[in-house]
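Okay, structure first, notes after.
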Amino acid sequence: MSGLSSFLRQNVLDNENVKYAASKRFVDENGAPVEWEICSITSEEDEAIRKACTRKVQIPGKKNQYTPETDYNAYLGKLAARCTVFPDLHNAELQNSYGCMGEDILLKTMLKPGEYADYLAKIQEINGFDVTMEDMVDEAKN
1 MSGLSSFLRQ NVLDNENVKY AASKRFVDEN GAPVEWEICS ITSEEDEAIR
51 KACTRKVQIP GKKNQYTPET DYNAYLGKLA ARCTVFPDLH NAELQNSYGC
101 MGEDILLKTM LKPGEYADYL AKIQEINGFD VTMEDMVDEA KN
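Quick note: the sequence shown uses the UniProt record's numbering, first residue 1, plus one each step.
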């Protein structure tokens, strides 16, 4: 019975937020890169994000038959936006300063492409994905 007690909610270690310097371009008053704060999400939240990024596509040549298709770029953008605790991507002043609306769009605007790719990899790592979505998509294509 002692083995089962390890799985009880009160005995599970809580996930702590992770600090990560997403870019060397955002610096504090001492010139050090500002660390962003990232959290993990639950499987239910992940499922909701995934469903929001999935649409039904008609199978070519098959009338009234559809297959689900997930937009992984949109999924990863929404996942990264949801997992970002600091900076507050919901902040209207921050969005206005970059001239965009929406947390995921703001994130893409703030970071350079390489920084954004590294940030997405860190987000996936924190959420327990050993293989990145890009790797899975590339593997599926081959």
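Cβ coordinates follow ideal geometry from the N, Cα and C atoms, glycine included.
Alpha-carbon to alpha-carbon, residue j and residue i
i: P105; j: A74; result: This sequence places Ile at residue 105; Pro is not what is there. Computed Cα separation, rounded: 10 angstroms.
i: M110; j: N96; result: 12 angstroms
i: M1; j: L13; result: In this prediction, M1 scores a pLDDT of 45, lower than 50, which makes its location untrustworthy; the coordinate-derived value is nonetheless stated afterwards. Going from the Cα of M1 to the Cα of L13 covers about 19 angstroms.
i: Y66; j: V18; result: 40 angstroms
i: residue 145; j: D130; result: Outside the shown range of the chain, which is 1 to 142, sits residue 145, and nothing can be said about it.
i: A81; j: E103; result: 6 angstroms
i: H90; j: K108; result: 14 angstroms
i: D28; j: V34; result: 6 angstroms
i: D138; j: S6; result: 37 angstroms
i: A121; j: I41; result: 15 angstroms
i: Y72; j: E44; result: 17 angstroms
i: Q124; j: P113; result: 17 angstroms
i: L94; j: M101; result: 10 angstroms
i: residue 159; j: E47; result: As displayed, the chain neither begins before 1 nor continues past 142, which places residue 159 out of reach and without an answer.
i: G31; j: E115; result: 18 angstroms
Residue i versus the options, residue with shortest Cα-Cα distance
i: P87; options: S5, F7 and F26; result: F26
i: A117; options: G3, L13 and S23; result: S23
i: T54; options: P68, L120 and N15; result: P68
i: A21; options: G61, W36, L94 and A121; result: W36
i: I49; options: T70, G3, I38 and E93; result: T70
i: residue 191; options: A32, C100 and N15; result: Lying before the first or after the last residue shown, residue 191 is absent from the chain, which here runs from 1 to 142.
With 16 other Cβ atoms within 10 Å as the buried cut-off, status of residue i
i: L79; result: buried
i: G77; result: buried
i: T84; result: buried
i: L4; result: exposed
i: N127; result: buried
Residue range of the unbroken beta strand (DSSP E) whose run includes residue i
i: V18; result: V18 to Y20
Residue i beta carbon near the ligand ATP (any heavy atom closer than 6 angstroms)
i: E29; result: Although the ligand ATP was asked about, the structure shown includes no ligands whatsoever.
Practice problem: May I have a chain-ordered list of the beta strand (DSSP E) segments no shorter than 3 residues that lie completely inside the region 35–117? | Solution: 36–38, 54–58, 66–70 and 84–86
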